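Sequences listed follow chains X and G, in order. The first sequence: position 350 = 350 (the working numbering), numbered continuously. The second sequence: position 344 = 344 (the working numbering), numbered continuously. Glycine included, each C-beta is placed from N, C-alpha and C at the ideal position. If you're wondering where the values come from, they're calculated on a predicted model, not measured in any experiment. Structure first, commentary second.
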Amino acid sequence: MRAARLSVVTATAAVAALTAVTGCTEKGSSGSGDRVINVTATDSKCEVSKKEFPAGHVELAIENKGSKVTEVYILFPDDRIVSERENIGPGTKQTVTAEVKAGDYTIACKPGMKGDGIRQAVKATGGTVAKRDPRLDKAVAAYREYAQEQADATLPLTETFTKAVKAGDIEAAKKAYAPSRIGWERTEPVAESFGDIDPKVDVRADGLEDGQKWTGWHRLEKSLWQDKKITAADKTLADQLITDLEDWQKRVGKAEITPTSMANGAKELLDEVATGKVTGEEERYSHTDLVDFKANVEGAEKSYELLKPVAKENDPALVTELDKQFAALNTLLDKYRADKTSYDFTSYDKVGEADRKELSDGVNALAEPLSKLAAAVVK
Amino acid sequence: MTDTNPSEATTPSRRALIGWGGAVLALGAAAAGGTVAMTRTGNDVDPAGAAAGGAIAFHGAHQAGIATPVQDRLHFAAFEVTTEDRAEFVQMLKDWTAAARRMAAGHAVGEGAYGGLAEAPPDDTGEALGLKPSRLTLTIGFGPSLFEKFGLAEEKPEALVDLPQFAGDNLDKNRSGGDLCIQACADDPQVAVHAIRNLARIGFGKVVIRWSQLGFGKTSSTTPDAQTPRNLMGFKDGTRNIAGTETDRLKKFVWVDGKDGPAWMNGGSYLVARRIRMHIETWDRTSLQEQEDIIGRDKGEGAPVGRAKERDKPFLKAMLPDAHVRLAHPDSNHGATILRRGYSFTDGTDGLGRLEAGLFFLAYQRDVREGFIRIQRNLALDSLNEYIQHVGSALFAVPPGVRDKDDWWGSTLFSEEA
């Protein structure tokens with residue numbers, strides 16, 4: 001639902017956050033200079049002081065001796081970003097820290113912040129990442145299972161939707177639209193972490209970049225509610241949606257999920273609500289925003305519940321507050337559906353300004369303490 | 001991770017600040033446009049701290065931001081209380097006080113804006129880092145509706161009445177009322193906005209912003225000559241106001257006295273906030289003669305009708321019967337006198353291409369029934385009304401000052417022992 005660029009940043013942030021976390025525990029014990037790699041970036045070179053270093057906490061001490069603003073990345077072999085630092089001005093120094101497992105990596109400098117950058121192959125050897133609280137490993141595993149379940153359940157629901165589209169049955173398609181999105185909305189940060197899927201399936205008209213073809217749910221939403229007709233192109237898009245979602249379904253198992261990214265993901269779901277759903281921008285044609293809203297809150301609550309045992313130990317007051325605010329927001333949402341077990345919510349265009357503000361206030365009340373969950377998990 | 005401002009060491013004491021306010025002009029309150037307010041801070045004496053963007057003392061018998069020489073900028077926010085838990089609300093007031101105390105001194109909130117846990121959002125939002133305290137004052141007020149909560153009904157001051165409907169009022173409920181207010185004034189707009197933003201953040205889950213207003217006033221607080229600021233109508237405004245140094249008149253007209261009751265308001269005041277939209281474009285098409293007749297002063301010098309100098313005593317009978325200064329003057333209102341502290345605002349333009357501009361009127365008084373209500377009733381006939389419209393309104397009981405580092409906003413109302 002966000003623009004593609006944002007999604008990539010989200011993924012990066014989540015990974016970078018994790019690395020920094022475990023880094024804290026490791027740093028004390030290592031403390032030696034062999035974990036620091038000096039990176040000297042110029043307009044034409046990207047020099048590294050060593051090409052091999054112990055796995056675990058690593059710090060890039062970057063100096064830009066060039067004339068252009070640069071960026072420095074640590075990349076996985078598949079170019080997924082481990083950690084990065086942008087906007088390193090000429091003559092300035094910056095550090096990037098990461099927690100890396102043994103394996104091959106690339107350090108890339110991008111003078112002018114463009115292109116693939118000047119690359120150096122490096123290797124992390126031996127060493128081990130500090131052991132994590134087993135309860136957190138369990139939480140991650142349970143969350144991955146949840147994310148997979150959501151993806152698995154989304155496919156048949158979306159097929160119901162796309163079949164109706166392909167049959168040209170507008171009413172049936174409208175009915176199947178919102179339910180097909182629930183699993184996606186519950187676990188959106190995971191899907192977004194892949195970077196390329198979200199812009200294909202969940203982008204809105206305003207999220208398109210120049211030259212980007214509009215595909216996915218919202219394009220079909222516009223056809224059904226705004227254009228009120230299903231074109232041949234829409235039927236092709238319906239097939240494409242299934243293909244893209246199958247890709248998502250296959251990749252959930254490989255997603256980089258950490259306790260921190262779970263906690264931050266929960267907060268991001270509330271951010272999604274605050275910037276997209278409360279304003280009615282997400283489902284501007286169908287006005288099914290409250291269905292997404294509920295799904296976002298459920299997904300955030302799932303992460304929270306899984307992390308709660310650890311968070312409770314570190315910050316009991318935060319847990320009390322989060323329990324209270326989750327309950328309050330859920331109660332508020334229940335005002336907009338007659339049957340508490342269904343996802344048949346009031347159409348958002350029927351929700352007045354005062355009620356929207358009340359919803360917005362409820363989101364703020366939950367999102368603010370939720371932004372402290374990651375810290376409570378890694379303390 | 002605190003951000004200590006180097007100017008802190010030279011911060012003037014509260015006494016010193018009030019002292020230099022000697023230049024603040026003190027004459028009949030509503031004289032130069034009762035609806036159009038601005039306490040003058042023109043000064044011949046240059047207070048080093050203030051000139052350097054120094055800090056105003058947070059602690060005192062009265063809250064800062066009332067008798068304090070008026071700063072350049074305003075961010076005013078009205079809140080609604082959403083929590084029903086009194087203890088939680090009281091804790092928020094304490095947290096607010098701690099944050100306000102730090103911000104007034106030019107420090108970041110809590111653990112600061114950087115350097116903390118990488119996984120947690122910083123306590124402070126950071127946009128005021130490196131800025132001077134900028135004479136930031138934060139002033140809290142309690143609206144009538146707050147006393148319907150937390151079993152406070154018995155404590156509601158008699159003076160905290162619902163403002164009556166005045167002639168010409170066209171109030172937008174979304175710009176009116178509020179359980180609480182915070183008036184943030186500073187010489188740097190970013191410092192004022194930072195303060196409201198951080199307090200709102202601390203308040204999430206307990207209070208929500210109902211409405212807020214930005215205001216601007218003068219172009220500089222350190223103008224060497226004592227130039228009276230002009231409002232958006234182009235007239236000098238606030239020639240005669242209560243000065244921060246006028247202890248007697250502050251005592252008589254602004255501070256609630258022990259015998260006024262209730263006890264918790266002793267040393268406090270009452271604040272009226274009115275968003276007054278000006279019909280700028282039609283005003284600008286009005287002839288000079290008519291403009292001057294309407295106000296009751298000349299546009300250049302600011303002298304009252306029939307007088308030569310701005311600060312000459314107004315001769316009310318020389319003015320038209322419906323002139324603004326004449327109707328707003330204490331002599332026309334049984335002596336009613338208020339301390340005005342308003343700001344101009346321009347919130348862009350409206351859908352019709354007109355400036356969405358006017359005066360955000362703020363007035364402090366010992367008893368609103370003897371102050372604003374009396375004056376505003378008298379202004380029903382004001383010829384200025386053709387060019388203005390009151391579109392927002394709120395009234396707050398402003399508790400006394402935070403006495404020391406252990407005290408907190410509203411302690412006299414909420415302390416169990418109080």
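Chain X contact for residue i (CB, 7 Å cutoff)
| i | result |
| --- | --- |
| A48/G | Note that A48/G scores 38 on pLDDT, short of 50, meaning its location in the model is unreliable; the coordinates nonetheless yield the value given after this. Answer no: the Cβ-Cβ gap between A48/G and chain X never drops below 7 Å. |
| E84/G | no |
| L117/G | yes |
| A120/G | yes |
| F204/G | yes |
| V208/G | yes |
| D225/G | With a pLDDT of 48 at D225/G, under the threshold of 50, the modelled position of that residue is not reliable, and the figure given next carries that caveat. By this cut-off, D225/G is not an interface position. |
Closer than 7 Å to chain G by CB, residue i
| i | result |
| --- | --- |
| Q94/X | no |
| D361/X | yes |
| P259/X | no |
| K372/X | yes |
| A365/X | yes |
| V378/X | yes |
| A389/X | Examination of residue 389/X is not possible in this model, given that chain X is present from 1 through 379 alone. |
| A375/X | yes |
| S30/X | Residue placement at S30/X cannot be trusted, given a pLDDT of 38 that sits under 50; what the coordinates show is reported in the next sentence. By this cut-off, S30/X is not an interface position. |
| E368/X | yes |
| Q120/X | no |
| Q240/X | no |
| Q150/X | no |
| Q325/X | yes |
Beta-bridge pairing of residue i - partner residues as DSSP gives them
| i | result |
| --- | --- |
| W211/G | A78/G |
| V39/X | V48/X, I62/X |
| V84/X | The residue asked about is misnamed: residue 84/X is Glu in this sequence, not Val. Paired residue(s): Y73/X. |
| L245/X | Paired residues: none, contrary to the question. |
| K93/X | E63/X |
| E99/X | H57/X |
Element boundaries [alpha helix (DSSP H), containing residue i]
| i | result |
| --- | --- |
| T239/G | No alpha helix (DSSP H) contains T239/G, which DSSP labels as neither H nor E. |
| I373/G | 372 to 378 |
| S383/G | From DSSP, S383/G is part of no alpha helix (DSSP H); its letter is neither H nor E. |
| K163/X | 134 to 166 |
Environment of residue i [buried if 16+ CB atoms lie within 10 Å]
| i | result |
| --- | --- |
| S44/X | exposed |
| L320/G | exposed |
| K317/G | exposed |
| M113/X | exposed |
| T19/X | Its pLDDT being 40, under 50, T19/X is placed unreliably in this model, and the coordinates cannot settle the point. |
| H334/G | exposed |
| N170/G | exposed |
| A374/X | buried |
| F315/G | exposed |
| R340/G | buried |
| Q226/X | exposed |
| G177/G | buried |
Residue range of the unbroken beta strand (DSSP E) whose run includes residue i
| i | result |
| --- | --- |
| F361/G | 355 to 365 |
| R119/X | 118 to 125 |
| L180/G | 180 to 186 |
| I140/G | 137 to 142 |
| R175/G | Here R175/G belongs to no beta strand (DSSP E), and DSSP marks it neither H nor E. |
| S269/G | 269 to 278 |
| S261/X | Not the beta strand (DSSP E): S261/X falls in the alpha helix (DSSP H), residues 259 to 272. |
| Y105/X | 103 to 109 |
| G348/G | 343 to 349 |
Heavy atom of the ligand GTP within 6 Å of residue i beta-carbon
| i | result |
| --- | --- |
| R86/G | The ligand GTP is not part of this structure, which contains no ligands at all. |
Validate contact between the region 313 to 330 of chain X and the region 344 to 354 of chain X using beta carbons, cut 8 Å, 3 pairs: The answer is no - the region 344 to 354 of chain X does not touch the region 313 to 330 of chain X, with fewer than three Cβ pairs under 8 Å.
Three-pair Cβ contact test at 8 Å for the region 385 to 405 of chain G versus the region 263 to 271 of chain G: Taking 8 Å as the limit for Cβ pairs, the verdict is that the region 263 to 271 of chain G does touch the region 385 to 405 of chain G.
contact_flag[the region 350 to 359 of chain G, the region 256 to 263 of chain G] where n(CB pairs < 8 Å) is 3 or more: Note that the region 350 to 359 of chain G does not touch the region 256 to 263 of chain G; fewer than 3 beta-carbon pairs, one per stretch, sit closer than 8 Å.
Three or more C-beta pairs below 8 Å linking the region 162 to 174 of chain G and the region 364 to 377 of chain G: Judged by Cβ distances under 8 Å, the region 162 to 174 of chain G makes contact with the region 364 to 377 of chain G, as three or more pairs qualify.
Inter-stretch contact at 8 Å, needing at least 3 Cβ pairs: the region 247 to 254 of chain X / the region 129 to 148 of chain X: With a cut-off of 8 Å, the region 129 to 148 of chain X and the region 247 to 254 of chain X count as touching, because enough Cβ pairs lie within range.
Inter-stretch contact at 8 Å, needing at least 3 Cβ pairs: the region 175 to 195 of chain X / the region 360 to 377 of chain X: By the C-beta criterion, the region 175 to 195 of chain X is judged not to be in contact with the region 360 to 377 of chain X, since fewer than 3 inter-stretch pairs fall below 8 Å.
Touching by the beta-carbon criterion (3+ pairs, under 8 Å), the region 172 to 190 of chain X and the region 293 to 309 of chain X: In the pairwise beta carbon analysis, the region 172 to 190 of chain X is classified as touching the region 293 to 309 of chain X: at least three pairs are separated by under 8 Å.
contact_flag[the region 276 to 285 of chain G, the region 201 to 213 of chain G] where n(CB pairs < 8 Å) is 3 or more: Result no; under three Cβ-Cβ pairs closer than 8 Å.
Any 3 or more C-beta pairs closer than 8 Å across the region 109 to 124 of chain X and the region 54 to 70 of chain X: The region 109 to 124 of chain X vs the region 54 to 70 of chain X: in contact.
Segment contact, 8 Å Cβ cut-off, at least three pairs: the region 151 to 168 of chain X with the region 118 to 126 of chain X: Judged by pairs of C-beta atoms under 8 Å, the region 151 to 168 of chain X does not touch the region 118 to 126 of chain X, as fewer than three such pairs exist.
Touching by the beta-carbon criterion (3+ pairs, under 8 Å), the region 145 to 155 of chain G and the region 238 to 254 of chain G: Contact between the region 145 to 155 of chain G and the region 238 to 254 of chain G is absent, because fewer than three Cβ pairs lie under 8 Å.
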